[in-house]
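Residue numbering for the sequence shown follows my numbering, starting at 62 and increasing by one per position.
Beta carbons are placed, not taken as given, at the ideal position from N, Cα and C, and that holds for glycine.
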Amino acid sequence: MAKLFRTAIMGPPGSGKGTISKRIAQNFGLQYLSSGHFLREGIAANTDAGVLVKGYVERSMLVPDHLMSRLMLPRLEQLTGHSWLLDGFPRTIAQAKALNDICQMDLVISLNIPFETLRERGRDDVTGEPLIQHADDRPEALQARLRHYKDVAKPVMNLYKCLRQEKRITQQRRSSKQTAWFPVPRHPVPVLGYRHRPHLALHQLSSQH
Ligand code: AMP
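Below you can see the structure in the form of structure tokens.
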């Protein structure tokens, strides 16, 4: 049986994390799990958890760690036989430690995007959805949100660096389009070699950018 592959992706607001995650998951045959999607699903269905998290999500504030762990960890525990990619979880050091208690990650991708590009980027070039959903998109406001992201994300990346599971992908060129720096999958079905050697293939792919 092929080795299971567990990966997560982190990126600042407007980095195109969702689009890139879906491409990676599709290319490498990984189950795609988005914490934002699960939260929005719970809110729409008006579940107990949905009611608790609604106020945070609507204001783009971090949902408390214990609620996030309660939302995400049971799902992952059920996926023992699957390879997966996490989009948006873990976001904090407490979440990363809780995740580490139940499984070992193979790779954590951190997207490093120039500030100018984040500022210029208004809409997702694939889905057309707004990337930055705040009414206040002045440069100072964006800068404050990025600072907050970095403050919270840094200890998480340091943890994965220590564990040698971290991979940083930097967008070198200034471009407002995500397609310019991360390829659209050429094969809608995962390529055989990738499926069996995702560690190698993902490192090769990511190091080209
Ligand atoms: P996303 O779709 O990843 O941008 O997440 C949408 C919103 O859900 C965020 O702005 C947060 O309010 C909340 N959220 C998603 N994932 C997490 C997480 N791991 N920890 C705390 N809040 C989260």
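Quick one: give me the first and last residue of the alpha helix (DSSP H) that V124 is part of. No alpha helix (DSSP H) holds V124; DSSP gives it neither H nor E.
P151 versus H98 - alpha carbon distance: 14 Å
May I ask whether a heavy atom of the ligand AMP can be found less than 7 Å away from the beta carbon of M129? yes
What are the boundary residues of the beta strand (DSSP E) that T80 is part of? No beta strand (DSSP E) holds T80; the alpha helix (DSSP H) holding it covers 78–89.
Note the first and the last residue of the continuous alpha helix (DSSP H) segment covering A214. 200–223
Mind checking S121: buried by the 16 CB within 10 Å criterion, or exposed? exposed
Mark A202 as exposed unless 16 or more other C-beta atoms lie within 10 angstroms of its C-beta, in which case mark it buried. exposed
Tell me which residue opens and which closes the beta strand (DSSP E) that N107 is part of. Neither: N107 is in no beta strand (DSSP E) and is coded neither H nor E.
Going by DSSP, name the residue or residues bridged to I174. DSSP lists no partner for I174.
Y210 to P73 span [Cα, whole Å]: 6 Å
Assuming the contact rule is C-beta atoms closer than 8 Å, G116 and G103 should be a hit. Round their C-beta distance to whole Å, please. At roughly 13 Å, the Cβ-Cβ gap does not stay under 8 Å, so G116 and G103 are not in contact.
Residue from L147, L113, V124 with nearest C-alpha to M71: L147
Reference R225, options D212, I170, L132, S95, closest by Cα: I170
Going by the C-beta, is M39 closer than 7 Å to any heavy atom of the ligand AMP? Not covered by the structure: residue 39. The range shown for the chain is 62 to 270.
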